[in-house]
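Structure, as C-alpha cells:
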Amino acid sequence: MVVGGGIGGMQASLDLANAGYKVYLVEETTAIGGRMAQLDKTFPTNDCSMCTISPKLIEVGKHLNIEVITNAEVESLRGAAGNFTISVLKKPRYVIDEKCNACGDCIAACPVEVPSEFDENLMPRKAIYKRYPQAIPNAMAISKANRAPCVLTCPTGVNCQGYIALISAGKFEEALKVIRERNPFPSVCGRVCHHPCESECNRQELDEPIAINPLKRFAADCVRGMKPEERKIVEEKPAIDPARPKIAVVGAGPAGLTCAQDLALLGYPVSVFEALDKPGGMMYVGIPSYRLPKEIMMEDIQRIIDLGIELKTNARIGSDGMKLSDLKTKGYQAVFLAIGSHLSRSLPIEGVDLPGVLLGVDFLRDVNLGKEVRVGRKVLVIGGGNVAIDVALTALRQGAEQVELACLESRKEMPAHEWEIEDAAEEGVKLNCSWGPKKILSKDGKATGVELRRCTSVFDAEGRFNPAYDDAVITTIDCDTVIIAIGQATDLALIKDEPSIETGRGGIIKADEITLATTAPGIFAGGDAVTGPKSVVEAIYQGHEAAISVDRYLKSEDLKQGREKAKSEPAPVPEDRSFEKRPRVKTNMVSAGERKGTYREFNLPLSTEEAVAEAKRCMNCGICCECLQCVLACGPKAVDHTMKEERVDIDVGSIILTPGFESFDPRLKGEYGYGRMKNVITSLEFERILSASGPYHGHVLRPSDQKEPRKVAWIQCVGSRDVTCDRDYCSSVCCMYASKEAIMAVDHVPGLQATIFYNDLRAFGKGFEAYCESAKKNYGVRFMRGIASAVKEIPSSNNLRVKYVLDDGTIQEEEFDLVVLSVGLNPSESTKVLAERLGLKLNRFGFCGSEEFTPNETSRPGIYVAGAFEAPMDIPETVMGASSAAALSAGLLSGERGTLIREKVYPPEREVGGEEPRIGVFVCRCGTNIARVVGVPDVVEYTKTLSHVIYAEENLYTCSTDTQQKIINAIDEHKLNRVVVASCTPRTHEPLFQDTLCEGGLNKYLFEMANIRDQCSWVHATFPEDATEKAKDLVRMAVARAGTLEPLKDMAFEVNQKGLVIGGGLSGMTAALSLAEQGFEIYLIEREAELGGNLRRIKSTLSGERVEDRLKALIAQVEREPKLTVYKQAEVIGFSGHVGKYKTTIAHNGKNIDLDHGAVIIATGGVEYQPQEYLYGQDSRVVTQKEFEEKLHKGDITRGSVKEVVMIQCVGSREEGAMFCSRVCCSGAIKNALRLKEIDPQINVTILFRDIRTYAFSELFYRKAREKGIMFTRFDLDRRPLAEKVDGRIKVKAFDEVIGKEIEFDPDYLVLSAGIRPNPLSEKLSTRLKVPLTVDGFYLEAHMKLRPLDFSNEGMYLCGLAHSPKLIGESIAQARGAAARAATIISKKELLIGGMISAVDKERCAACLTCVRECPFDVPVISDEGVAWIEPASCQGCGICASACPRKAIDLQNYKDSQVISKCEVLFDTIDAALGA
Amino acid sequence: MKIGYYPGCALHGTAWEYDQSIRKACEVLGVELEEIKDWNCCGASSAHILNKTLSVLLPARNLALAEKEGLDLLVPCAACFNRLKAAQKKVREENSYQEAVPIRGDTKIIHINEFFCEKEMLLRIRDRVKKSLTGLNPVTYYGCLTARHPRVTGMANYEDPQGMDCVLETLSVKTRPWSYKTDCCGGNLMMTRVDIVKKLSGNLFSEAAEAGADCIVTDCPLCQANLDTREHEIAREAGRTFDLPVFYISELIGLALGIDAGQWWKRHIVDPRGLLAKKGLM
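Residue numbers (this note's numbering), protein chains in the order written: chain R, 2 to 1478; chain U, 116 to 397.
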C-alpha cells in the first residue's frame, strides 16, 4: 500500500505495479496529484508542472494493478512486515466515480461557494467540485461538514442552509421547494415562526445571525408573485388511490394539514374534519391579520387541499353531529387528532365573570373570524406571553384608546418574544411588569379596574411556576375592559366517548413521544393538543411524524423502529474560511404611527436585492447544503447523497508512506502581516497566481486591486531555520522555488523588479547554481542577503514596506507592490496522526526522518517512507526516494511478484485488411456540455452524408459504460472496421475508446477522435451556429483520416531478465544488491581492484556514524550474494542492443567477455577536485577535507597539538569551469570542524564560506557548530581569501563581508573543501553507451524533475555521483531507486514494441544523417546496408525524424503523411468551396 | 462583579485621568474595583534592570497580596502588567523565590485591553452606551509591553492585537488599519535618549496621519505620556502639524457611557476638545 497520492506516491505505485506487484494507492483528498499539481512551473527546466505530471496521473489512473482509493485515510494497522492488514476508512465522496463523466453540469447547478483549497483559497469553488481540471479520478466530489446549526435547530428540520444558498444563487423557486420539503406553510412561517434557527446561527459569532425567517418569507412571496408561465417548477399531484385505507384527520391546523398532506402524497385518501367554518386552526383564529394576512395563509392551505384532500368544515367531532367512534364505522382506518388548544384559561379571582372581562384566545378568535367585538376605551391585558401581546395590539385595532399590560414576570422574564414586546411598546402599549392581579374592581356591575399586588418571584427554587407576592405593595390600574391572556387549554370533549384514550397532566391528550400513538389503537394525536401550546413549526413537525406512524400502522409495520432522534453535532463556525463583517439586513416595519388601528400587514418584505445579499452572508457551515440541485442536474445519475463512510481491511506486504507536506502557516510569523495585508501572499499562492488555471488565468496580479505589480519581494526562510517557531531545520526547496517564481514573474510582467531577501542561497542541486546565475543575469533578479524583519502596509496604496538589515548593519526600508513569503515545508497534522496509528517514531518536528545508511526506512520494518514526509526535499529527490522505497518493498516481497496482477484479455482481432472502410461515428452530447452549443443532431445527420460512413448516432455520454456496449454492438452489427468518436478530448478518453475497439475485436489503431468539446463547444460557447459548423468540419476531418487508418501490430520479444551495473562504489553495490534482493541475476563491473569507490576515503558521517564498518559489511554482502557476479579490474569495451536485450562486452583479466542483460545502471561515481589554489600541493599543511578527515581519523590531531584551523569552502565549485555546487562540502566541513572542537575545544576553527548549504536537518549541525564557537566568515567570489607562506607559516587573509574588514589567520592547517568533479572517464563511456552528459560532465537523465534515474534510452538508468554530487544517504536512495526502475524492465518475460513507431523506406533513404542528428533518443543509425535503421524496440514514436527527413523517407506509423494530409484536404475542400462561392 | 485593582504609580500620578476613567467606567458597568491594600512598586522603572531578585520579588509581593484577596487582578499600566506577568512566570518556574514571598502564582493578571473586550464586558458596554462615538477615526496603539514577549504576556495575536479595536467597534467606531500597533514609541528612553524617542514617536505620528487617523487610542500610560508630551515638539521640528490627541481607551469608553469627562481632557497636552467638539461628542 502506498499512502499519499502525490508525485512520490504515484512513482512508487508505478514502479511496483510495473514490476509485477498489486498496489493500493490511498489518498487523503479527492484526487491524486498532490502538491506538484498545484505548481506552475518547475525549476531548473521551467517545464510546466501540470504538463509533466499529467501523463503520470493518467498512467496511474488507468493502471490495471493500481487501485486508487481517494478521500480515504488509514485507521489502523495489524500484523508485521510481509503480512500487514490495514484498516482504511473510505469517506463518502457522494458521487459514484464510475458513473461521473465530469461534465460539470452539477457545478453549474450548485449554489454553495467555498474557497478552493487547490487554489490556496484565492478563488471559489462549489460544494460539488473536481479538485482540478486534470484530476484523477476524473470525477466530482461533494464536501460536507456536519449539518448547519440552523438545520439541526429547526423543529421540523427545514433545510435552512439549503434554501438560503438557493436564494443567494437567485434560485427562488428551488428555494421554496426546499422549504416545502419539510414545511408546507412557508408563507405562514415566514411571518410568524419564532425562528430558533436564528439564535443558533453561527454567523452571530462574527456579527449578527442571518435573517433566516425573512428569507423564507421572501422565497414564498416571490414565487407567489410569479405568473404561472414564469414558473419553471411544476408541482406534481399525487395519485390518490381510493381503494387504499381512508384516514381521518381531526383539526385543520398546521399539524393536521401537514399530516394530511404527507398521507395524500403517499396516495392515501384523507378527510380533514374542522370544527370551525375556516381551515387553519390557530393560524387562522389565533394570529391577527396584521401579522399574517388571511389570504396569504389560505394560499398555503389551498395548495395542500388541492392535493386531493377532502376538507369538511363546520364538522366538529365530539359534538352532536359525530362522535369519534363514528369515524371507524364510517370506514376511517386511522385517525389523527390535531385539535389544538382553543380554550382560554381564566383566573381564580374576584370579578372575572363581570361584563367587560374577556378571555384572550376567545377574543382573538372572534376578531379573526370577523365577529363584532367591542372593547372599551381603556383596556388592561393580563399576561406576558405572545398571546397577551397580540391581544393588546388587537385591542388597539378594535378601537381602544389606551392599552396597558400587566404580568407577573419582570421585563426580562416575560415569555413573549423580545421583538414582539418591542412592537407593542412602539405602538404605545404600557407594560406593568412584576404585578399579579388580585381582584377585578367594578362599579355598577361593570369592570372599572384591576387591583394588583407586587409579584416578587415567578418561579421557585426548582424552577417551577410558583409565584410569590408581596401583599404590602398594591396598585390599581383603571380600565373598562380586562382581557385575560394567561394561557390556553385543549377542549377534550371529543374523546369523552373513547375512554381508552388517556389524558395527561394539564389537560392534554397522552401520545407516545416518538410515534404519537394514543392509548387507543389506530388513533394518533399531535400538535398543541399533545404538547400544550407551542409554535406552528413544532405542530408541523408532529404532523410529519404522525403521517409516518399512520402509514406504518396501516402497513402493520413497527411504529418505532429507527425513529429515535440521534443527537447530531452541528457544524461549527468554519475556521478554514475568512468572512468579512457585514451587518444583517434590516427588516422594515410599517411605522408605529401608520400601523395603528389597521390590520394591514406590518412587517415589510425584503427586496430581491436585499434578500440575495442577505443570503450571501450565509457562511455555509455545512458546506454542501443538500439542496439536491446536483442530483437534478446530473445526467448519468452519479450523485448519491446517501453514501456512508466505509471501512475496509486490506492485506498488504509492505507500506510506503508518501503523504507529503503542508506549507508553514505564516500567521505564526505575524511580523510579516500575512492574513492582515492583502498583498502579502505565500509562495504557494503565488504558484496559483502564475498558473493559467489559477485565479487570474496566469496573469500576475496582486490580490488587493488586481493590478500588475511592478516590484515584488520574496522573503525567505519563513518558518524555516527559525527557532522562534520551533522550526530550526532548513526546508531545502525555498531558495530555488523563489528564484523560479522570480524568473516567472519577470517573464510574465516585463520590467518587473524581483528581489529575494535571503539568508544563504541554497542552490545545491543539479543545475541549480547556473539557474540562479541566470536569474541574476538574464532576469535581473536582485538577491539581497539579509532577512526581512517586518512588513508594514501603506494604507493608501496597499503597498508594502519591507524592513531589512544590510550587511553593514544599517536598517533599510523599501516599498514593494507585492510580498511573497517563501513558506517552509511542514509535516501536516494528519501525517502525525497517521504515524501514530502506524506506530512510527517521528523526529521532533514531526518528520519521519531516516538514518544516513538506511534512507527510506522507518522505525518499523516493512514500512517505508519517501518524499517530504521523510525530510524536506524537492521533486527529483522525492521521485528517487519513491523508487527507492519501491525497491525496498519489492525486495521484501520478491517471492510474491506476479501473484496478484491482473491482465486484460481481449477477443481475437478481426482481419480488416483489404476491406473498404466502413466507418461508425458516435457523436457525444456530453450531457449538455456539447449539446447546448453544438447542434448535435445536425452534426449526426451531416455525418451520415460523408463517404464511407455506414453508421452514425448521437449519445448522451459516449464514455458511459452502456454506450461502450452500444459501440461494440454497432461494430458487430454494421461490420464496422473504423470508429470515430466526436466528443471531449483524446487526452483523457482516447485510451478508453481504443480499449472499446479491442473489446469489439478491432485493432486499436483503427480509431480516430474529433475534439468537439474542449476545442469547440467550450471555446465557442457564445457562437452556437459557428460551433456547429466547426464540429462538422472536425468530424469530416476525423472521418477522412479514419478511412486511411491501418491496423498496427504491437510486437512482443523476449526479455533477458538480468541486470548489469557499471561501477562498484557505494551506489553501484547498493543498486546491484537491491536487484539481487528482488530476485534478479546481476553483473557488477568495477574498474579498480577493490570495491568501495569514494566511500573508502570517508570515515564518518555528520551524524557520527562510522563509515568503515558499514562499507566492510556492504562489500562482504556483495561478495556473498550468489545472484551477483562481480568483475573487478574490468572495463566496458563494447555495448549494443536495446531495452530488454543488451549485450555488454568487458575486458577482464586479458579476456573479452560478452554479458547479456535486459537493463543497465550506470554508477561510475565522481572524483575529488585537485586544487591548484591556496598553496595546495606546495605545503603539507594545506589539505583537502578528505585528507583532513583521514588525519582526524588516524589521530594525527590531538589536544593541544593544534591552535588554529581555517577551512575554505567552494574550492573548485560554483565558479567558471565548474558552475555547480558540490553539495556535500558544507556539511563535510562542519563535520570535521565539530570533530576538532570535540578533540580540543580550544582550537580556533574558522570556516570561510560563500553560502552555508546545510539543507534539511543538517541545518541543526550548522547551528550546533556556531554554538560550539566555530567561526563562520563569509567572503565574496570577487574578494576571495588569500593564502601565502610567511616565515614558514601559512597566512590566510580574508575580507569579512559582514564586518567589512580584512581578517588575518595564522592556521596550523588550511583545509580546502575541494568540490566533486565528474568522473573523467565518463566522456569515453558515454560515447560507448550512447548516453548524454551535461555541460558540467555529469550524466544527463531523461528529465530532471520526473525521470531523474532514467536515461531517455529505455532500459538504461543512472545513480550516485555519476548523476551529480550528493551525500551518502542520497546515493543509497538513488541507487535503490535505479534498481527499482530497472526492475520494471527485467521483471517482465517479454516486452511489446509499440506499433506507433517510425519506419524507413530504404529505397528513398539518402543516408544524409538528418534523422541520426535530430532524434532526441539517438535511435537511428546507418546500417550495414548504408541506409538509416530505426530499431523498433528503441523508437519512442515522437515523429521528429519523420518530419525532419528531407526525402520523406521516414513515416511515423498511424501518423503517416498521407493520413495527416487527408484531414487537411477535406478541411480545405470547404474553404475552397466557400472562397469559390 | 468584583475584581482586584493594581493601579501602579503612574495611575496615581501622571496617568490620573486613566485611573479616573477606568474607575468611572467600571462603576457604570457594574464592576467593583478592589484596590489591593498596601501595594508596592512593581519594579518596572529601574529594579528590573538593576537587580534580578528584586525584579521578581517586588511584583511577587503584590501578587501575594492579591492572592490573599482571592481576586483576579486588573492592571492598567502596561509596564506593571508586564512585570507582574514576568514575575508570576518566574515564581512558577523557580522555587527559590517562595521563601521570600510565598505565593501560589495562580492569580489571573488582566490588562485593560483584554478586560474590556471580554464578551460579558462588551455586552455590558453595549447595553449602557449613551453616545455612539461614530465619526472618530482612531488608530489603536498597544505599544510593546502588553504584547511582548508573548511567552510572558500570553497574548496570542501579539503582532496585531484586537482588544481595543473590539471595544471601539462596540462604541460604533471603526478604527483605521495600520501596521504600527505594537511598534515601540521609545517611552523607556523618554529622558535618556530623546533623539531616539523623537525618531520612533515621530514615525508613529506620521504613520497614524498616513493611515487617515484623527487620534490615537492607547492603553499604556507610558506610551500616552510619551506621545502626548512629545507630539508638538516633533511636529514643530518636522515643520508640520499632526493634531492627534492621544486618548486612553477608558476615556472613550467613559465618554460613550455618558460620564462627565471634562476633568480628563484638561490634562491632555494635545487638547482633544477641538476634535471632540468637531465630531459632536462634547
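Ideal Cβ positions, reconstructed from N, Cα and C, are used throughout, including at glycine.
Going by alpha carbons, who is nearest to CYS1222 (chain R) out of R:ILE1163, R:ILE690, R:ASP327 and R:LYS767? R:LYS767
Just the C-alpha distance for GLY302 (chain U) and GLU853 (chain R), rounded to the nearest angstrom, thanks. 53 angstroms
Would you list the one or two residues that DSSP bridges to GLN1460 (chain R)? The partner list for GLN1460 (chain R) (beta bridge, DSSP) is empty, contrary to what the question assumes.
So HIS1149 (chain R) is in the beta strand (DSSP E); what residue range does that whole segment cover? 1142 to 1149
Could you please give me the residues that DSSP links to LEU658 (chain R) through a beta bridge? R:VAL4 and R:VAL866
Using a Cβ-Cβ cut-off of 6 angstroms (strictly less than) and excluding sequence neighbours within five positions of ASP1241 (chain R), which residues of its own chain qualify? ARG1200
Does DSSP put ILE972 (chain R) in a helix, in a strand, or in coil? helix
Within 10 angstroms of its Cβ, does HIS698 (chain R) collect 16 or more other Cβ (buried), or is it exposed? exposed
Rounded C-beta distance between THR157 (chain R) and HIS545 (chain R)? I'm assuming under 8 angstroms. 6 angstroms
Three-state secondary structure assigned by DSSP to VAL374 (chain R): coil
Helix, strand or coil for LEU1003 (chain R) per DSSP? coil
Tell me which residue opens and which closes the alpha helix (DSSP H) that MET1052 (chain R) is part of. Unbroken run through MET1052 (chain R) is the beta strand (DSSP E), 1052 to 1055; no alpha helix (DSSP H).
Neighbour list for GLY671 (chain R) in chain U, Cβ cutoff strictly below 8 angstroms: ASN272, TYR273, GLU274 and ASP275
Please compile the residues from chain R whose C-beta is within a distance smaller than 9 angstroms of the C-beta of LYS247 (chain U). As written in the sequence, residue 247 (chain U) is Ser, which differs from the Lys given in the question. In chain order: nothing, as chain R lies at least about 14 angstroms away.
Where SER797 (chain R) meets chain U, residues with beta-carbon distance less than 9 angstroms: GLU325, ALA326 and GLY327
Distance between beta carbons of GLN813 (chain R) and ILE757 (chain R), contact taken as under 8 angstroms: Not a contact, Cβ separation roughly 15 angstroms.
Measuring only between beta-carbons, confirm whether PRO253 (chain U) sits less than 8 angstroms from chain R. no
Going by beta carbon distance, what residues of the same chain come within less than 7 angstroms of ILE97 (chain R), once the five residues before and after it are set aside? ALA639 and ASP641
Go ahead and label LYS1033 (chain R) buried or exposed: buried means 16 or more other beta carbons lie within 10 angstroms of its beta carbon, across all protein chains shown. buried
Relative to the alpha-carbon of ARG239 (chain U), which residue among U:LEU251, U:THR249 and U:VAL282 has its alpha-carbon at the smallest distance? U:VAL282
Name, going along the chain, the residues of the stretch 275 to 307 of chain U whose beta-carbon falls closer than 8 angstroms to a beta-carbon of chain R. ASP275, ARG291, PRO292, TRP293, SER294 and TYR295
Cα-Cα, which of R:ASN84, R:PRO356, R:ILE168 and R:SER592 is closest to ASP652 (chain R)? R:ASN84
In the DSSP assignment, find the alpha helix (DSSP H) that holds LYS304 (chain U) and state where it starts and stops. Residue 304 (chain U) is actually Leu in this sequence, not Lys. No alpha helix (DSSP H) contains LEU304 (chain U), which DSSP labels as neither H nor E.
Quickly, what does DSSP pair GLN213 (chain U) with across the bridge? List them, please. Note: GLN213 (chain U) sits in no beta bridge, so no partner.
Segments assigned beta strand (DSSP E), at least 3 residues, entirely inside the stretch 684 to 719 of chain R: 712 to 719
For MET227 (chain R), count neighbouring C-beta atoms within 10 Å of its own C-beta (all shown protein chains included) and say buried if the count is 16 or more, exposed if not. exposed
Which of the three DSSP states is assigned to HIS127 (chain U) in this structure? helix
From the beta carbon of ARG1382 (chain R), is the nearest beta carbon of chain U less than 8 angstroms away? no
If GLU366 (chain U) and SER136 (chain U) are in contact, beta carbons under 8 angstroms, what's the gap, nearest whole angstrom? 5 angstroms
Using a Cβ cut-off of 8 angstroms, which residues of the stretch 654 to 681 of chain R contact any Cβ in chain U, in chain order? GLY671, GLU672, GLY674, ARG677 and MET678
With a cut-off of 8 angstroms, do at least 3 Cβ pairs link the stretch 1329 to 1338 of chain R to the stretch 1299 to 1316 of chain R? no
Within 10 angstroms of the Cβ of TRP436 (chain R), are there 16 or more other Cβ atoms? Answer buried if so, exposed if not. buried
Per DSSP, what kind of secondary structure is PHE1469 (chain R) in: helix, strand or coil? helix
Name the chain U residues that come within less than 9 angstroms of GLU499 (chain R), Cβ to Cβ? What GLU499 (chain R) touches in chain U: nothing, since even the nearest Cβ is about 53 angstroms away.
Listing by chain order, which chain U residues have their CB less than 8 angstroms from the CB of GLU209 (chain R)? Residues of chain U passing the Cβ test: none, with the nearest at roughly 12 angstroms.
Regarding PRO289 (chain R) and the ligand ADP, is the C-beta to nearest heavy atom distance less than 7 angstroms? Ligands displayed in this structure: none; no statement on the ligand ADP is therefore possible.
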